[in-house]
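Before any comments, here is the structure.
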Amino acid sequence: MGIPALEGHSALETQALRKRKHARERKALFYGLLFTSPAILGFLIFTLGPMIASFYLSLTDYNVFKSNTTFIGFDNYAKLFSGEDDLFYQSLGTTFYFVVLRVPAVIIISFFMALLLNMNVKGRSVFRTIIYLPSIVPAVASSMIWLWLLNPDLGLVNSVLQKLHLPTSNWLFGESSVIPSIVLTSLWGIGGTVIIFLAGLSGIPKQYYEAIDVDGGNWFHKLRHITIPMVTPTIFFNTIMTIIGSFQVFSEAYILTQGGPNNKSLFFVFYLWRTAFRDTEMGYASALAWVLFIIILIFTVIIFKTSKSWVHYEGDKA
Amino acid sequence: MIRTRWKHVSMLLVLLLTTVTVLSACTKSDNGNGNANTAQTNTDSKATSSNNASGNEAADNAGAGATNAGNGDPITLRLTAWGAPDEVAAMKVAIAKYEKAHTNIKVDFQAITADYDTKLTTMVAGNDEPDVAMMESGTIAYPLAEQGKFLNLQDFLDKDGEITPDALVPNITYSAEPGNVIGVAPGPETFALFYNEDVFKDAGLTPPPSDASEAWTWDQFVEVAKKLTIDSKGRNASEEGFDPKNIKQFGVNLPTWWGVYSNFIYSNGGDFLSADGKTLGLNQPEAVEAIQKLADLINVDHVAPSPLQAKNIPGTNVALQTKKVAMAFDGQWASTGLAQSKFNYNVGVLPIMKSPMTTVVCGMFSIFKSSKHPQEAWELLKALIDPEASLDLLTAGTWMPSHKDWYTDADKLAKWTENLPSRPSGYKGAVIDVLLSHSHPTPTAYVKNFNKIMDVINPALDKVWLGKQTAKDALDAVAAKAQEQVQGRRDVG
Chain S
0 MGIPALEGHS ALETQALRKR KHARERKALF YGLLFTSPAI LGFLIFTLGP
50 MIASFYLSLT DYNVFKSNTT FIGFDNYAKL FSGEDDLFYQ SLGTTFYFVV
100 LRVPAVIIIS FFMALLLNMN VKGRSVFRTI IYLPSIVPAV ASSMIWLWLL
150 NPDLGLVNSV LQKLHLPTSN WLFGESSVIP SIVLTSLWGI GGTVIIFLAG
200 LSGIPKQYYE AIDVDGGNWF HKLRHITIPM VTPTIFFNTI MTIIGSFQVF
250 SEAYILTQGG PNNKSLFFVF YLWRTAFRDT EMGYASALAW VLFIIILIFT
300 VIIFKTSKSW VHYEGDKA
Chain V
0 MIRTRWKHVS MLLVLLLTTV TVLSACTKSD NGNGNANTAQ TNTDSKATSS
50 NNASGNEAAD NAGAGATNAG NGDPITLRLT AWGAPDEVAA MKVAIAKYEK
100 AHTNIKVDFQ AITADYDTKL TTMVAGNDEP DVAMMESGTI AYPLAEQGKF
150 LNLQDFLDKD GEITPDALVP NITYSAEPGN VIGVAPGPET FALFYNEDVF
200 KDAGLTPPPS DASEAWTWDQ FVEVAKKLTI DSKGRNASEE GFDPKNIKQF
250 GVNLPTWWGV YSNFIYSNGG DFLSADGKTL GLNQPEAVEA IQKLADLINV
300 DHVAPSPLQA KNIPGTNVAL QTKKVAMAFD GQWASTGLAQ SKFNYNVGVL
350 PIMKSPMTTV VCGMFSIFKS SKHPQEAWEL LKALIDPEAS LDLLTAGTWM
400 PSHKDWYTDA DKLAKWTENL PSRPSGYKGA VIDVLLSHSH PTPTAYVKNF
450 NKIMDVINPA LDKVWLGKQT AKDALDAVAA KAQEQVQGRR DVG
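As they're listed, the protein sequences go chains S and V.
Counting from 0, one number per residue, gives the positions in the first sequence under numbering that gives the first Met the number 0.
Counting from 0, one number per residue, gives the positions in the second sequence under numbering that gives the first Met the number 0.
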């Protein structure tokens with residue numbers, strides 16, 4: 000200021016600096032893209048490409064074994080919704096029932112698990128390991144174990160209930176008990192959700208709790224006014240992931256029940272798989288897949304929209 | 000400087016990884032032979048199949064020496080199949096024999112043990128079909144055949160001097176329509192009544208006859224089954240005070256899939272479809288009666304485990320050995336396990352409703368039309384169904400021969416039935432004679448749209464086996480819906 004020569008010099012310098020910075024940024028972008036290219040290419044080739052292909056196929060009568068495929072517009076979708084295919088509604092209803100039962104159960108139970116595991120007790124890491132361990136067991140193996148546990152005649156669960164003079168159930172083999180039973184077996188693998196909750200819980204600053212101690216509040220006040228509001232982002236994330244995972248339930252039907260008894264556990268994705276790989280009607284199966292995609296999308300959008308009113312981020316003005 | 004060098008190295012690595020990722024997706028569909036050897040020596044494996052000698056095969060030829068001159072150009076045939084380890088081993092024996100006789104041919108054998116149909120569907124979608132493939136009549140074989148993907152093996156059977164339709168056991172060829180054979184089975188499988196001899200001896204009862212002409216009537220069978228069903232207090236099902244809730248030993252094990260109940264539908268004169276193929280047969284009186292009688296074994300007579308209880312019943316061999324059941328309806332393939340279990344078991348003819356009958360079920364070998372070497376593929380198929388090559392499986396009990404002379408020629412019959420634990424005294428009567436003179440083709444071979452029909456029928460039958468509905472009510476309730484799926488029979492012209 001005031002000394003033109005100096006000002007001019009500095010302007011020149013900043014320009015050069017900016018130029019150098021620009022070049023560095025470009026270089027950084029180049030390397031960034033280069034290093035992420037496997038993931039980007041993988042996404043384009045193995046996810047986006049097939050998705051576009053499957054949408055196109057859903058507009059055709061593509062059958063793997065037929066030599067010619069014709070474009071039929073939205074006929075597949077019309078067939079789905081017209082009620083001509085009653086297994087579509089049946090499997091959709093079954094899947095909704097499963098989601099409605101499973102999502103709250105997973106969120107509530109894993110939240111309280113995480114609360115317990117977050118307490119400062121001896122052997123905490125051992126408990127944490129035990130809770131997480133079942134998540135590593137392959138779905139097929141744990142399904143086989145549940146098949147034995149829930150066996151109506153010889154299974155451990157019914158035997159214990161019998162000893163306690165409690166009513167027993169047909170579990171996986173009863174028309175009304177099959178979905179709740181599958182929900183029960185799937186709770187076995189909530190370790191991953193618990194871990195994410197734990198991470199959320201450990202991020203809560205201690206001074207908040209100390210403030211409540213000073214104000215003379217009890218554990219319920221802490222839970223109600225600090226813990227729950229502070230983990231809402233985690234609840235939000237876990238809810239969305241659990242909903243998506245629940246809509247895509249497959250292996251339980253494939254291994255435990257094959258859709259039975261009386262089609263009562265014919266999940267949407269299992270029906271989709273059967274249509275695609277047993278009946279080889281790939282076009283129709285693609286339409287099914289897109290319907291599921293739209294349903295999941297709608298649910299996700301709804302939760303995102305409502306999240307503003309109940310999810311609190313630290314540092315947020317609201 | 001060092002840093003930039005590292006940058007270059009890592010950049011190279013990333014580039015390499017990327018190209019590998021991208022290319023691996025492309026090469027897969029290109030690599031028509033999927034054979035590591037040929038792929039290595041010959042980057043364009045398509046050239047291999049079009050008679051272009053690769054280094055590898057040229058070496059093979061050279062090894063075979065001059066004897067191979069004029070035996071044709073080198074060829075690679077691709078074969079896909081599934082099977083238990085011992086079955087795969089038997090197929091390998093057959094392939095080795097075949098390769099020895101055809102020195103210019105290499106068989107690329109892919110044993111696909113899991114998700115066979117899914118894998119094959121993918122191969123077809125990628126125009127990457129094998130030459131010869133093992134197929135299952137109940138799954139994708141007919142959808143493929145209807146799209147004209149298979150060669151008509153009738154042409155080969157007509158021309159072939161060794162294998163004619165008459166030289167094969169009945170019901171082991173599959174046809175898309177009369178005169179269009181799409182597959183030949185390596186061997187038939189039939190159903191019979193397996194039982195524990197000691198249980199009968201202890202109970203002082205006469206075991207099931209093995210001669211079809213003396214077969215038990217249904218009522219005789221139920222009587223015996225009742226006497227062999229014992230509750231936890233030692234009372235049997237024909238006695239006063241019998242407790243059906245605490246059964247220690249069941250009279251008979253009754254698997255509830257169509258393979259088992261079809262035997263009795265046929266025995267009772269019923270069928271899955273009417274003779275002209277236009278109407279559903281399962282809701283007709285003969286079939287309904289057969290299914291009801293089977294369901295009554297569970298829910299009225301309490302001599303067979305319910306579908307729920309059956310989940311506790313181990314495989315036939317263990318179930319019979321541990322006396323959890325006294326008798327079991329099962330396929331002849333159960334012989335292998337029974338032979339290994341080492342106890343006094345035997346086999347009798349199935350009880351009859353109206354006439355003795357057994358359903359023949361089996362896998363088959365088919366040849367894809369896209370094969371560039373149909374004649375060689377046919378020769379390979381012949382080698383695969385040659386009983387001589389699969390002798391180990393025949394003596395172990397898993398397979399039965401597909402050639403009729405192995406049943407009628409005393410020497411050949413002795414090779415796979417005499418002095419073997421897998422072939423007890425009742426075997427010749429209950430399995431072989433019944434197969435030759437009282438067998439019925441599997442419904443999957445002639446009922447069009449079988450899976451879609453059964454999608455409607457199976458949930459209804461669930462209720463019958465659970466005793467919640469009578470066979471008549473359950474089948475009548477879904478008959479109209481099942482009828483919509485009826486598309487006719489393949490065995491009427």
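Cβ atoms here follow ideal geometry from the backbone N, Cα and C, with glycine treated the same way.
(1) Within a Cβ cutoff of 6 Å, which residues of the same chain sit near K105 (chain V), ignoring the five residues on either side of it in sequence?
(2) Could you check what DSSP says for F249 (chain V) in three-state terms: helix, strand or coil?
(3) Have a look at S261 (chain V) and V139 (chain S) and give me their C-alpha separation to the nearest angstrom.
(4) State the DSSP-derived secondary structure class of A191 (chain V), mapped to helix, strand or coil.
(5) Could you have a look at T163 (chain V) and say whether DSSP puts it in helix, strand or coil?
(6) In terms of residues, what are the limits of the beta strand (DSSP E) holding E176 (chain V)?
(7) Name the chain S residues that come within less than 7 Å of D461 (chain V), Cβ to Cβ?
(8) Less than 8 Å separating the beta-carbons of I351 (chain V) and A214 (chain V)?
(9) Span of the alpha helix (DSSP H) holding S141 (chain S)?
(10) If F364 (chain V) sits next to V183 (chain V), beta carbons under 8 Å apart, how far is it from one beta carbon to the other, in whole angstroms?
(11) Return the chain-ordered list of same chain residues with a C-beta closer than 6 Å to the C-beta of W415 (chain V), the five sequence neighbours on each side being excluded.
(12) In angstroms with no decimal places, state the Cα-to-Cα distance between D461 (chain V) and F276 (chain S).
(13) What distance in whole Å lies between the Cβ atoms of F193 (chain V) and T315 (chain V), which are believed to be in contact at a cut-off of 8 Å?
(14) Quick one: what's E135 (chain V) bridged to in DSSP?
(15) Between the region 375-391 of chain V and the region 148-165 of chain V, do three or more beta carbon pairs fall short of 8 Å?
(16) According to the neighbour-count rule (16 or more other Cβ atoms, all chains shown, within 10 Å of its Cβ), is M118 (chain S) buried or exposed?
(17) So, is S141 (chain S) buried or exposed, given that buried needs 16 or more other C-beta atoms within 10 angstroms?
(18) Let me make sure I understand the geometry here. Which of V:I94, V:E285, V:Y344 has the alpha-carbon closest to that of Q109 (chain V)?
(19) Say whether chain S places a C-beta atom closer than 8 Å to the C-beta of Q484 (chain V).
(20) What does DSSP give as the partner residues of I295 (chain S) in its beta bridges?
(21) What residues in its chain sit with their C-beta under 6 Å from that of S334 (chain V), if we drop five residues either side in the sequence?
(22) Mark M143 (chain S) as exposed unless 16 or more other C-beta atoms lie within 10 angstroms of its C-beta, in which case mark it buried.
(23) Quick check: what's the CA-CA separation for W187 (chain S) versus P423 (chain V)?
(24) Kindly provide the ranges of any beta strand (DSSP E) runs that are 3 or more residues long and lie completely inside the region 277-346 of chain V, ordered along the chain.
(25) Report yes or no: is there a C-beta of chain S within less than 8 Å of the C-beta of L296 (chain V)?
(26) In angstroms with no decimal places, state the Cα-to-Cα distance between L156 (chain V) and A166 (chain V).
(27) Report the three-state DSSP secondary structure of I234 (chain S) (helix, strand or coil).
(28) Is it the case that the region 294-305 of chain V contacts the region 460-474 of chain V, given that we only count it when at least three CB pairs across the two stretches are under 8 Å?
(29) Is there a C-beta anywhere in chain V that falls below 8 Å from the one on F236 (chain S)?
(30) So, C361 (chain V) versus E188 (chain V), is the Cβ gap smaller than 8 Å?
(31) Please classify W218 (chain S): is it buried, with 16 or more other beta-carbons within 10 angstroms of its beta-carbon, or exposed?
(32) Please classify S28 (chain V): is it buried, with 16 or more other beta-carbons within 10 angstroms of its beta-carbon, or exposed?
(33) Between L91 (chain S) and N103 (chain V), what straight-line distance do the alpha-carbon atoms span, to the nearest angstrom?
(34) Are there three or more Cβ pairs, one per stretch, closer than 8 Å when the region 49-61 of chain S is compared with the region 279-289 of chain S?
(35) So which residues on chain V does S66 (chain S) lean against when the C-beta distance must stay under 7 Å?
(36) Quick one: list the residues of chain V neighbouring R277 (chain S), beta-carbon separation under 8 Å, in chain order.
The relevant details are as follows:
(1) Hits under 6 Å: T75.
(2) strand
(3) 31 Å
(4) strand
(5) coil
(6) 172-176
(7) G259, P260, N261
(8) yes
(9) 138-148
(10) 6 Å
(11) L393, T394
(12) Note on geometry: alpha-carbon atoms of D461 (chain V) and F276 (chain S) lie some 24 Å from one another.
(13) 6 Å
(14) V:G362
(15) yes
(16) exposed
(17) buried
(18) Of the candidates V:I94, V:E285, V:Y344, the one whose C-alpha sits nearest the C-alpha of Q109 (chain V) is V:I94.
(19) no
(20) Paired residues: none, contrary to the question.
(21) G396, S421, listed in sequence order.
(22) exposed
(23) Distance between the alpha carbons of W187 (chain S) and P423 (chain V) is about 47 Å.
(24) 324-330
(25) no
(26) 10 Å
(27) Assigned with DSSP and collapsed to three states, I234 (chain S) falls in helix.
(28) yes
(29) no
(30) yes
(31) exposed
(32) Low per-residue confidence applies at S28 (chain V): pLDDT is 35, beneath 50, and the placement is therefore not dependable, though the value from the model is reported in the following sentence. Classification of S28 (chain V): exposed, given that the 10 Å Cβ count is below 16.
(33) 55 Å
(34) yes
(35) Q146
(36) D116, T138, I139, N450
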